[in-house]
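Protein chains in written order, with full-length UniProt numbering: chain D, 1 to 439; chain S, 1 to 439.
2 protein chains.
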Amino acid sequence: MFSSFVCIPRAISFQSITSHSSSKSEKAQRIDHHFRKIHRSVNMESLQNRYLFAEIFMRESEYAERNPNARLIKLGIGDTTEPIPDIITSAMAEQALALSIAQGYKGYGPEQGNRELKRAIAETFYKDMQVKENEIFVSDGAQCDISRVQMLLDSSLSIAVQDPTFPAYIDSSVIVGRGGTFKAESGKYKKIVYMKCGAENNFFPNLSTTPRTDLIFFCSPNNPTGSAASRQQLKQLVEFAKENGSIIIYDAAYAAYISDESPRSIFEIPGAKEVAIEISSFSKFAGFTGVRLGWTVVPEELLYANGYPIIKDYDRIVCTCFNGASNIVQAGGLACLSPQGFQALKRTMRNYMENAKILVDTFESLGLKVYGGKNGPYVWVHFPGLSSWQVFNQILERAAIVTVPGIGFGPGGEGYIRLSAFGHRDSVLEASRRLRMLL
Amino acid sequence: MFSSFVCIPRAISFQSITSHSSSKSEKAQRIDHHFRKIHRSVNMESLQNRYLFAEIFMRESEYAERNPNARLIKLGIGDTTEPIPDIITSAMAEQALALSIAQGYKGYGPEQGNRELKRAIAETFYKDMQVKENEIFVSDGAQCDISRVQMLLDSSLSIAVQDPTFPAYIDSSVIVGRGGTFKAESGKYKKIVYMKCGAENNFFPNLSTTPRTDLIFFCSPNNPTGSAASRQQLKQLVEFAKENGSIIIYDAAYAAYISDESPRSIFEIPGAKEVAIEISSFSKFAGFTGVRLGWTVVPEELLYANGYPIIKDYDRIVCTCFNGASNIVQAGGLACLSPQGFQALKRTMRNYMENAKILVDTFESLGLKVYGGKNGPYVWVHFPGLSSWQVFNQILERAAIVTVPGIGFGPGGEGYIRLSAFGHRDSVLEASRRLRMLL
Chain D
1 MFSSFVCIPR
11 AISFQSITSH
21 SSSKSEKAQR
31 IDHHFRKIHR
41 SVNMESLQNR
51 YLFAEIFMRE
61 SEYAERNPNA
71 RLIKLGIGDT
81 TEPIPDIITS
91 AMAEQALALS
101 IAQGYKGYGP
111 EQGNRELKRA
121 IAETFYKDMQ
131 VKENEIFVSD
141 GAQCDISRVQ
151 MLLDSSLSIA
161 VQDPTFPAYI
171 DSSVIVGRGG
181 TFKAESGKYK
191 KIVYMKCGAE
201 NNFFPNLSTT
211 PRTDLIFFCS
221 PNNPTGSAAS
231 RQQLKQLVEF
241 AKENGSIIIY
251 DAAYAAYISD
261 ESPRSIFEIP
271 GAKEVAIEIS
281 SFSKFAGFTG
291 VRLGWTVVPE
301 ELLYANGYPI
311 IKDYDRIVCT
321 CFNGASNIVQ
331 AGGLACLSPQ
341 GFQALKRTMR
351 NYMENAKILV
361 DTFESLGLKV
371 YGGKNGPYVW
381 VHFPGLSSWQ
391 VFNQILERAA
401 IVTVPGIGFG
411 PGGEGYIRLS
421 AFGHRDSVLE
431 ASRRLRMLL
Chain S
1 MFSSFVCIPR
11 AISFQSITSH
21 SSSKSEKAQR
31 IDHHFRKIHR
41 SVNMESLQNR
51 YLFAEIFMRE
61 SEYAERNPNA
71 RLIKLGIGDT
81 TEPIPDIITS
91 AMAEQALALS
101 IAQGYKGYGP
111 EQGNRELKRA
121 IAETFYKDMQ
131 VKENEIFVSD
141 GAQCDISRVQ
151 MLLDSSLSIA
161 VQDPTFPAYI
171 DSSVIVGRGG
181 TFKAESGKYK
191 KIVYMKCGAE
201 NNFFPNLSTT
211 PRTDLIFFCS
221 PNNPTGSAAS
231 RQQLKQLVEF
241 AKENGSIIIY
251 DAAYAAYISD
261 ESPRSIFEIP
271 GAKEVAIEIS
281 SFSKFAGFTG
291 VRLGWTVVPE
301 ELLYANGYPI
311 IKDYDRIVCT
321 CFNGASNIVQ
331 AGGLACLSPQ
341 GFQALKRTMR
351 NYMENAKILV
361 DTFESLGLKV
371 YGGKNGPYVW
381 VHFPGLSSWQ
391 VFNQILERAA
401 IVTVPGIGFG
411 PGGEGYIRLS
421 AFGHRDSVLE
431 ASRRLRMLL
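What follows is the structure, given as structure tokens:
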């Protein structure tokens, strides 16, 4: 979701802007006068410039420059590192090569995704949940689908998010005009409801005090806390949405990592199809972060106030603003969901979750409160009395480990840091050694 | 850009909607009462349901059902049909397989695209135009980039489009709220300026009578007319944009097909970097319609009225609403731009353009006025006195050839049909035979 590179255009010379205008000086002046008339969108204007992972990258680079011999361990960005099982990459290679022969060539596919892949997604992830193939929209990833869902829904709708949570829900909401002004004191956008999800409430919002909003973004297992909502909690959430006439936009990108009885889909909850859209991804369970594949389920039962099916509008968005995921990548997705592919991926996931356990044990042995790492590949560590940037800096400076300061996920993340379990085992073990020495 | 499949959800049973609510009837009633509160966005509401290629597909399917033995020739949707040169698919296969080994695995890449690919795009398409690598944003295709540019810019901005033109400019503008109400009598959205580009004005708008708008969508070579704007015309367009303080959103998806001296990029025009964004694609020149790869150039010189660089906001959009094109596909893009790859693609393009010539000759020999087919792979045929749907129907019913009625590209397309030259040679020759017999 986050590259280590952010384009920062060089300073623009204002002189260069007018250098091409007409040689007739009168006309040139007239042109210069009218030259730039397009105002910046208020939404982009209110979007905070502080781009979390760019800031982290800057600090990391500065550190590396000052310490050229340090062996930096990156447990910051949640980026997969283990190779993709051969059965999956072979399927993609085969599909690529098939495009070179007359009988194998394929042009545009359905914008909504290939039928076999949609069927495999329905069978693998939505068994007994009455999710139909035509309700599944295959895409190039969850982050992209979040913004397509944003385009779908009226910009005047109000939203609630977990606090802390993945920043793209808020940022894309601000981009389409649902944020309001940013308040530096609170670290919050005025029009957004932040549902505190901390250790004190078992990482689930207190719905009895949560104001009604039109939309509720909900990520489970949560990024960054790694905690998955229980069946009972999700039942409450669905009932809350029904009572309020809200739509839940449920992000299940980490669902495959759930190890206990927590639901892996909102559609495990009876009645959820009337109130929820689910977004999911191959990125984290199949190592497809750079390959790009995801999907979104928009149930037929989900209707606007006037009774019009939302799926019809989403289909239109997908056909107008998107053009289908790559056919090569979709072939890989299908191989991921074959019995052999899925078994191989489970081994990789187990490996990451063992990393998580190593990190959890490390911090617990140091007497710190640690969350996550059981149903999701993130470890969420509390450092009482310290700011999360302070902790980030100390761990970087003294152990050469890159983490993510919790505040980057919302004000509710202050005092915490997130570690990704997606690293290689030797890095995680080395990180554990350094942390034990440091703390 | 258009699949042959459009999801039309089955009729929704309104009874089923309430079937999951609580067993306590009082509570159930309360929930039902509040159940659906989300209003449909006014923008989606004003979007016309008539989805051109869905309508075509329906008529085509009906015909096929009535005539099970007919050999249908599809020259409708502009979908590539020739295999991709082996050097390109091999590069993708290799990249896919590399993801299975520890040293070859890659996760998230830069959202803006891989550096080598951006450099190759700059060198191949923007030589001597001062387009820098960091101004190029690699994507999953032009249609997707159009909607990202729509998200970038304030929804209150006014727009102009060529008439006729590719429908996605208008549809995506309506989705973000720039359309206003649709007028059935005129076939136009109230707030959109339609710049008539017909044979009578050499397919270039009369700018002296064109009202000022904030944004100008301009596609050259144009889809559907196949005509490319000349250098002189594009100079006028750039000057017009400067005088009005407008931004040109220039779609160059078919630029590689230009065979004369017409510019292949808006940035060939001095000063264009201050007023234009260019969107382009691998779809049509590399047969990547199903593989998915494109790019957008946002120049550093392009500024908002307040002097803020638009590239900074676009970078933010790309980082927030997109996550980079597939690494496998980007490897293919790089191979397309290798000397050997590009030579091979030129052969395929020549083949398509020979198809175009066959179609042009066919219609001309029948005494019809034919446009396009020289700088773009579309042939645009005038049938005076007939509606384009009438012509579409006759050619379908009597020659079993699928075309596209010109009116689907805007009211200015009435009386015309578009034929795609992207078919196989034998189909095109057979179509030519049938048309000569029919007309």
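Where is the CB? At the ideal position from N, CA and C, for every residue including glycine. Since we're looking at a predicted model, the values are computed, not measured.
Handout entry: Completely contained alpha helix (DSSP H) runs for the segment 72-114 of chain D, where each covers 4 or more residues
Key = 86-98
Practice task
Just mark S/Pro205 as buried or exposed, buried being the case when its beta carbon has 16 or more other beta carbons within 10 Å.
Solution key: Here residue 205 of chain S corresponds to residue number 205 of the second sequence, with the count starting at 1. With 16 or more other Cβ atoms within 10 Å, it is buried.
Handout entry: Chain-ordered neighbours of S/Tyr51 on chain D, where CB pairs are closer than 8 Å
Key = For the purposes of this step, residue 51 of chain S is identified with residue 51 of the second sequence, where counting begins at 1. What S/Tyr51 touches in chain D: Arg316, Cys319.
Problem - D/Lys106 at chain S interface by Cβ criterion, 8 Å - result: Within the first sequence, numbered from 1, the residue matching residue 106 of chain D stands at position 106. Yes, because at least one Cβ of chain S sits closer than 8 Å to the Cβ of D/Lys106.
Exercise for the section: Could you name the residues of chain D that S/His39 contacts, counting a contact when the two beta carbons are closer than 8 Å? Expected result: Within the second sequence, numbered from 1, the residue matching residue 39 of chain S stands at position 39. Those within 8 Å of S/His39 in chain D are Asp154, Tyr304, Ala305, Asn306.
Handout entry: Straight-line gap, D/Ser420 to D/Asp251 (C-alpha atoms, nearest Å)
Key = In the first sequence, the residue the question calls residue 420 of chain D occupies position 420. In the first sequence, the residue the question calls residue 251 of chain D occupies position 251. One C-alpha to the other measures close to 18 Å.
Practice task
In the DSSP assignment, find the beta strand (DSSP E) that holds S/Leu419 and state where it starts and stops.
Solution key: Indexing the second sequence from 1 puts residue 419 of chain S at position 419. Segment 416-420, the beta strand (DSSP E) holding S/Leu419.
Handout entry: Which residues DSSP lists as bridging S/Thr296, in chain order
Key = Within the second sequence, numbered from 1, the residue matching residue 296 of chain S stands at position 296. Answer is S/Phe137, S/Ile279, bridged to S/Thr296.
Exercise for the section: Return no unless some Cβ of chain S is closer than 8 Å to the Cβ of D/Ala102. Expected result: Taking the first sequence and counting its residues from 1, the one referred to as residue 102 of chain D is at position 102. Yes - at least one Cβ of chain S is within 8 Å of the one on D/Ala102.
Handout entry: Short Cβ contact (8 Å threshold) for D/Leu97 with S/Thr89
Key = Within the first sequence, residue 97 of chain D is the residue found at index 97, counting from 1. Within the second sequence, residue 89 of chain S is the residue found at index 89, counting from 1. The answer is yes: Cβ separation under 8 Å.
Practice task
Specify, as a first and last residue, the run of the beta strand (DSSP E) that D/Val42 falls within.
Solution key: The residue labelled residue 42 of chain D in the question sits at position 42 within the first sequence. Per DSSP, D/Val42 belongs to no beta strand (DSSP E); it is in the alpha helix (DSSP H), 42-46.
Handout entry: Unbroken stretches of the alpha helix (DSSP H), 4 residues or longer, contained in the segment 119-172 of chain S
Key = 142-152
Handout entry: 8 Å Cβ cutoff met for S/Ile73 and S/Ile407
Key = For the purposes of this step, residue 73 of chain S is identified with residue 73 of the second sequence, where counting begins at 1. For the purposes of this step, residue 407 of chain S is identified with residue 407 of the second sequence, where counting begins at 1. In this structure, S/Ile407 does not lie closer than 8 Å to S/Ile73 by Cβ.
Practice task
Kindly indicate if chain S contains any beta-carbon less than 8 Å away from that of D/Gln143.
Solution key: Numbered from its first residue, the first sequence carries residue 143 of chain D at position 143. Chain S contact via Cβ: present.
Practice task
Return the residue from the list D/Val291, D/Glu301, D/Ser281 that minimises the CA-CA distance to D/Val275.
Solution key: What you label residue 275 of chain D is simply residue 275 of the first sequence in a count that begins at 1. Of the candidates D/Val291, D/Glu301, D/Ser281, the one whose C-alpha sits nearest the C-alpha of D/Val275 is D/Glu301.
Practice task
Could you confirm whether any beta carbon from chain S is found closer than 8 Å to the beta carbon of D/Gly410?
Solution key: The sequence position of residue 410 of chain D within the first sequence is 410, counting from 1. For D/Gly410, the answer is no, since every Cβ of chain S falls outside 8 Å of its Cβ.
Exercise for the section: Compute the Euclidean distance between the alpha carbons of D/Ser147 and D/Ile249, then round it to the nearest angstrom. Expected result: Here residue 147 of chain D refers to the residue found at position 147 when the first sequence is read from its first residue. Here residue 249 of chain D refers to the residue found at position 249 when the first sequence is read from its first residue. Their backbone Cα atoms lie some 12 Å apart in a straight line.
Exercise for the section: Keeping to the same chain, check which residues put their C-beta closer than 8 Å to that of S/Ala241; ignore five residues upstream and five downstream. Expected result: Numbered from 1 along the second sequence, position 241 holds the residue referred to as residue 241 of chain S. Excluding sequence neighbours, S/Ala241 sits near Ile216, Ile247, Ile248, Val275, Ala276.
Practice task
Please confirm if the segment 295-315 of chain D is in contact with the segment 168-182 of chain D, defined as three or more CB-CB distances below 8 Å between the two stretches.
Solution key: no
Handout entry: Neighbourhood of S/Leu117 by C-beta, 7 Å cutoff - its chain only, sequence neighbours within 5 removed
Key = Taking the second sequence and counting its residues from 1, the one referred to as residue 117 of chain S is at position 117. Val138, Gln330, Gly333, Leu334.
Practice task
Using a Cβ cut-off of 8 Å (strictly closer), state whether S/Met58 contacts chain D.
Solution key: Residue 58 of chain S sits at position 58 when you count from the first residue of the second sequence. Answer no: the Cβ-Cβ gap between S/Met58 and chain D never drops below 8 Å.
Exercise for the section: Could you run through the segment 393-404 of chain S and flag, in chain order, every residue whose CB is less than 8 Å away from some CB of chain D? Expected result: none
Practice task
Check whether the Cβ of S/Ser420 lies closer than 8 Å to any Cβ atom in chain D.
Solution key: Residue mapping note: residue 420 of chain S aligns to position 420 of the second sequence, counting from 1. Chain D, which has no Cβ nearer than 8 Å to the Cβ of S/Ser420, makes this no.
Practice task
Locate the beta strand (DSSP E) running through D/Gly314, then write down its first and last residues.
Solution key: Reading the first sequence from its first residue, position 314 is the one you call residue 314 of chain D. The sequence shown places Tyr at residue 314 of chain D, rather than the Gly named in the question. Not the beta strand (DSSP E): D/Tyr314 falls in the alpha helix (DSSP H), residues 310-321.
Practice task
Use the C-beta contact count for D/Gly423: other C-beta atoms within 10 angstroms, 16 or more gives buried, fewer gives exposed.
Solution key: Indexing the first sequence from 1 puts residue 423 of chain D at position 423. So D/Gly423 ends up on the buried side.
Handout entry: Through-space distance from D/Gly141 to D/Asp154, alpha-carbon basis
Key = Within the first sequence, residue 154 of chain D is the residue found at index 154, counting from 1. Within the first sequence, residue 141 of chain D is the residue found at index 141, counting from 1. Cα to Cα, the separation comes out at about 22 Å.
Practice task
Starting from S/Asp79, find everything on chain D with Cβ-Cβ shorter than 8 Å and list it in chain order.
Solution key: For the purposes of this step, residue 79 of chain S is taken as residue 79 along the second sequence, with counting starting at 1. Neighbours of S/Asp79 on chain D, chain order: Gly107, Tyr108.
Exercise for the section: Go through its chain and collect everything with a Cβ distance to S/Ala356's Cβ below 7 Å, but skip five positions before and after it. Expected result: Taking the first residue of the second sequence as position 1, residue 356 of chain S is located at position 356. Around S/Ala356: Gly373, Pro377, Val379, Ala421.
Exercise for the section: Scan the segment 170-186 of chain S for residues whose Cβ lies nearer than 8 Å to a Cβ of chain D and list them as they occur along the chain. Expected result: Asp171, Ser172, Ile175, Val176, Gly177
Practice task
Compare the C-beta of D/Ile247 with all C-beta atoms of chain S and state if any pair is closer than 8 Å.
Solution key: Along the first sequence, read from residue 1 onward, the residue named residue 247 of chain D stands at position 247. Yes, because at least one Cβ of chain S sits closer than 8 Å to the Cβ of D/Ile247.
Handout entry: Reduced DSSP category for S/Lys183 - H, G, I as helix; E, B as strand; rest coil
Key = Taking the second sequence and counting its residues from 1, the one referred to as residue 183 of chain S is at position 183. In this structure, S/Lys183 counts as strand in the three-state DSSP scheme.
Handout entry: Neighbour list for D/Ser326 in chain S, Cβ cutoff strictly below 7 Å
Key = Within the first sequence, numbered from 1, the residue matching residue 326 of chain D stands at position 326. Simply Val291, Arg292, Ser326, Val329.
Practice task
Would you kindly work out how many angstroms separate the C-alpha atoms of D/Arg71 and S/Glu94, rounded to a whole number?
Solution key: Residue numbering aside, residue 71 of chain D sits at position 71 when the first sequence is read from its first letter. Residue numbering aside, residue 94 of chain S sits at position 94 when the second sequence is read from its first letter. Taking the straight line from one Cα to the other gives about 30 Å.
Handout entry: The beta strand (DSSP E) enclosing S/Tyr51, as first and last residue numbers
Key = Against the second sequence, residue 51 of chain S aligns to sequence position 51. Unbroken run through S/Tyr51: none, as it is neither H nor E.
Handout entry: Cβ-based burial, D/Ser259 [other Cβ within 10 Å; buried from 16]
Key = In the first sequence, the residue the question calls residue 259 of chain D occupies position 259. Exposed, by the Cβ-count rule.
Exercise for the section: Out of S/Ile84, S/Thr213, S/Gly187, state which residue places its alpha-carbon closest to the alpha-carbon of D/Lys37. Expected result: Start at 1 with the first residue of the first sequence, and residue 37 of chain D comes out as number 37. Checking every option, the nearest Cα to that of D/Lys37 belongs to S/Thr213.
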